[in-house]
């Protein structure tokens, strides 16, 4: 297992009012993303525990593009990864942002 | 005095020798090795029918058991090297030289044997290429073939998996060779005559039906969101703008996803009747929903697929069937159809390099080519126009006057940037090159050459290589859809952005597709059971695909 | 199929969502009245397995089980749903403790039924002892809850089936509903093949696996009382039906269950294959059972299938 952590300044606060949301499942080639609205509006953090060791650079690129594209201000993402591919990671992150932007608790 | 009929005399002598163990044309299963010892000569070219699907397995075992003092050093000329026995022949010394096309399940062992010098390799071919050589310089002396049934005269019914048989028999029987068929049963009258009796010299009833593997069944339950996204991009980014009606699909989950999106996503785009109407294709179960929804007008097939027989029989408007009602496939004709009469090939591969060359070879495996290079190649002899062909030609060569401009076949590579076990699809150098060096091959086993590839589709978008004007643009277009692979991360961001402005690269958002909409609920069938339901109970999947 | 799912009415969405494919959380969201699910010890509390780290394996924030409460047709229910894709839905220490706690809470309250959405291969190998203990605790908790008047309903139709200790717990429930892809057994196909040989049980013969352990056979044998089609709405309706059917629990009920099982063994103990059992049950074309569509099968099962309604 490898732990990775990224913090990014963000242009704008993420939409919606929900406090938290979870998508995905920890399985081979898959991951879960828990997203919580716990940070200041101009910050975003991503904490990763991954079964695939040695992919820090790829994670950094994926997270960088994600933050640039979705501007998830105020959100903390916690990831348990079963060795998902970068496109799956991008998709789950986007799904997490969509879900927390919905109405609800 | 010169004799001009030596081969005919030799053939008659072989038949006479074989007749000593036969009753008429019929040979008992336990006498087959004796038959082969009587009929086959050292150094003969032998076609041991190993097709993509059906296998002359009884004859393989019988040939393996021959007395080496009587039969040895054979030159095997067969499309598929699929059964372990096919390679045991070389280990034992029955055979020495090999010309073939495809070796899927034996790809690792064949590589080891080539490297160890156990096999003297002629060449690895495409199907059509090997078939062509049967009529020029690789004509078999003996063909060992498989059929479903025979009558006592030797008329053969090959059933839905006719595949290579007519081609093999044509080349052998009309050039003074011997044809020996294994059949599952001997009947008074065969359901239809696929091979006339006067081309068949001996018949053996096998103790169990010949082996057939379901190669073209993809369980919709295993299709991922990434594959669905990629399939959506292909439909909206290629099928729709080029109005592709006549095409061939490779095997794989990405193309299965396309087949399952036609009645849903495709329907919503209003594409029914405008795309995907005529196929050169094995009977893919995943196409059932599109057929049932009225998308598909006609399919010609290389071979059949396990479990599809009753469905095909009941849908004879779509498939080619004989007077008995069952599918008539024919690999040589279908390959020709794919090469000359289809406007698009779309399939997946294991590696793509910066020029767009692709290969399914890894350093330890030689899977051969099969049919993909013929499907995935521009036919230089094509002369009839069609909308997609002309449009692709114009994109590639906008400056030539239209009447003198060649069209282009659309050759599309589809896949996810990372494949199984997170292995990248895109590489700086193909493993095929390293393998060629290791085995001292004159040609690296490239499945589809880069100059034939027109589009690459991944979850990152569609790269249209027809619109690239320089090698550098081409490389950046490929890097631009290579995602987070090393190849993708080394792209020139500025150049990729300019290519995107020109429409050379089209991202999902450029095509109006939201990756979050790529959901399994879009699939017309999400399980094998759904396919059975769509077929009205006519599709009977093999047990390994059931969960009921 | 073509409209985005979130724009569709809840019942419609539940009807078009495969129970087999859906995640544990989606199953619960669609099974219960819309928006009524409240989770206990949710993923935000990060109550993860204390064992997996030792094996260098990834954890899941909810340890593979969602527990909580919600409403079913307006009435309160406790719910638990296993996530069959995380470690095969297997029982570990935390996973098991969440279910035990839920059942004990139900026992204390006494009037609120429990729905358990099984999806499990059994005990998690990496936490074997803790997992085995959890199974025993859960079985006890089920029986105590039932003794206190709580109805405990099992719903089975996930990709990991209901195997090992899960099969034992299911056997303790008041009633079960199962769908065609659902499987209920203790030893799994591979385990049987490994221990008894491929002649005894060919685990790759999936038609054999399903006619031996699958939903249709379990319904016909009476192990499951209701057969659901593979969508969440059907499971919702099955749960409501079972809640209406389950009677009081006591020693008489257990004795009746013992008699039922003994009778079943007497009747079918010599049968070599499920098809023999179905034939013995009076099904004319037993071979055709696996191919029957859900509605026709339900009609057949209601006519012929046994039920454990008077036992259990």
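Protein chains in written order, with our numbering: chain A, 43 to 147; chain B, 59 to 606; chain C, 69 to 380.
We put the beta carbon where it would ideally sit given N, CA and C, even for glycine.
Treat the numbers as computed from the prediction; the structure is a model and nothing was measured.
Could you tell me if the beta carbon of residue 151 of chain C falls within a distance shorter than 7 angstroms of some heavy atom in the ligand NAD?
Of the ligands one can find in the structure shown there are none, so the ligand NAD has no counterpart to examine.
Where residue 133 of chain A meets chain B, residues with beta-carbon distance less than 9 angstroms:
283, 284, 287, 517, 573, 574 and 576, listed in chain order.
Buried or exposed, going by whether 16 or more other CB atoms sit within 10 Å of the CB of residue 59 of chain B?
exposed
Positions along the segment 468–483 of chain B whose CB lies within less than 7 angstroms of some CB in chain A
Listed by position along the chain: 474, 475, 476 and 480.
The beta strand (DSSP E) that contains residue 280 of chain C, what's its start and end?
First-last for residue 280 of chain C: 274–281, but that is the alpha helix (DSSP H), not the beta strand (DSSP E).
Based on Cα-Cα distance, which residue from B:374, B:167, B:396 and B:507 lies nearest to residue 386 of chain B?
B:374
Quick check: the Cα distance between residue 295 of chain B and residue 490 of chain B, rounded to an integer number of angstroms?
Each residue's Cα considered, the two are about 30 angstroms apart.
For residue 438 of chain B, is the classification buried or exposed, using 16 other Cβ atoms within 10 angstroms of its Cβ as the cut-off for buried?
exposed
Report yes if the CB atom of residue 450 of chain B is closer than 8 angstroms to the CB atom of residue 297 of chain B, and no otherwise.
no
Tell me which residue opens and which closes the beta strand (DSSP E) that residue 160 of chain B is part of.
153–160
To be precise: take each residue of the segment 262–278 of chain C, compare its Cβ to all Cβ atoms of chain B, and keep it if any distance is under 8 angstroms. Which residues remain?
272, 273, 274, 275, 276 and 278
Counting only Cβ pairs nearer than 7 angstroms, list the residues of chain C close to residue 74 of chain A.
128 and 129
Among B:282, B:339, B:113 and B:416, nearest to residue 129 of chain A - alpha-carbon criterion
The shortest C-alpha separation from residue 129 of chain A is found at B:282.
Give me the Cα-Cα distance between residue 167 of chain B and residue 423 of chain B, rounded to the nearest whole angstrom.
Distance between the alpha carbons of residue 167 of chain B and residue 423 of chain B is about 8 angstroms.
Per DSSP, residue 522 of chain B is paired with what?
B:513
Residues of the segment 529–548 of chain B with Cβ closer than 8 angstroms to any Cβ of chain A, in chain order
Under the 8 angstroms Cβ criterion, the segment 529–548 of chain B contributes 541, 542 and 547.
Give the residues from the segment 81–113 of chain C that approach chain A closer than 7 angstroms (Cβ to any Cβ), ordered along the chain.
In summary, the residues of the segment 81–113 of chain C whose CB is separated from some CB of chain A by less than 7 angstroms are 91, 111 and 112, in the order they occur in the chain.
Along the segment 147–159 of chain C, what residues have a CB closer than 7 angstroms to any CB found in chain A?
151, 153 and 154
What is the rounded straight-line gap between the Cα of residue 62 of chain A and the Cα of residue 575 of chain B?
22 angstroms
Could you compute how far the alpha carbon of residue 311 of chain C sits from the alpha carbon of residue 473 of chain B?
Using only the alpha carbons, I get a separation of about 48 angstroms.
Interface partners of residue 595 of chain B on chain C, CB under 7 angstroms:
359
Pairwise C-alpha distance: residue 601 of chain B and residue 70 of chain C
Low confidence applies to residue 70 of chain C: its pLDDT is 41, below 50, so where it sits in the model is not reliable enough to give any reading.
Buried or exposed: residue 343 of chain B, going by 16 or more other Cβ atoms within 10 Å of its Cβ?
buried
Note the first and the last residue of the continuous beta strand (DSSP E) segment covering residue 459 of chain B.
Careful: residue 459 of chain B lies outside any beta strand (DSSP E) and carries neither H nor E.
For residue 362 of chain C, which residues of its own chain have a beta-carbon under 6 angstroms away from its beta-carbon, when the five flanking residues on both sides are left out?
297
Got a sec? Which residues, its chain only, sit under 8 angstroms from residue 299 of chain C by beta carbon, not counting five neighbours each side?
82, 83, 84, 85, 86 and 87
Measure the alpha-carbon distance for residue 370 of chain B versus residue 201 of chain C and round it to whole angstroms.
54 angstroms
Going along the chain, which residues of its own chain have a beta-carbon closer than 6 angstroms to the beta-carbon of residue 209 of chain C, five neighbours each way excluded?
Excluding positions up to five away in sequence, the list reads 168, 171 and 172.
Distance check for residue 420 of chain B and residue 350 of chain C, CA to CA, integer angstroms please.
One C-alpha to the other measures close to 56 angstroms.
Span separating the alpha-carbon of residue 467 of chain B from that of residue 268 of chain B
37 angstroms
For chain B, find out if any of its Cβ atoms is closer than 8 angstroms to the Cβ of residue 256 of chain C; answer yes or no.
Cβ-Cβ to chain B under 8 angstroms: no for residue 256 of chain C.
At 3 residues or longer, and completely inside the segment 80–111 of chain A: list those beta strand (DSSP E) runs for me, N to C.
85–92
Boundaries (first-last residue) of the alpha helix (DSSP H) holding residue 204 of chain B
Not the alpha helix (DSSP H): residue 204 of chain B falls in the beta strand (DSSP E), residues 200–208.
Which residues in the same chain have their Cβ closer than 8 angstroms to the Cβ of residue 270 of chain C, if we skip the five residues on either side of it in sequence?
Once the five neighbours on either side are set aside, the close Cβ partners of residue 270 of chain C are 261 and 276.
Could you name the residues of the same chain whose beta carbon sits closer than 6 angstroms to that of residue 345 of chain C, not counting the 5 residues immediately before and after it, in chain order?
336 and 339
Out of A:136, A:124, A:107 and A:48, which has the shortest C-alpha to C-alpha gap to residue 95 of chain A?
Minimum Cα-Cα distance from residue 95 of chain A among the listed residues A:136, A:124, A:107 and A:48 corresponds to A:124.
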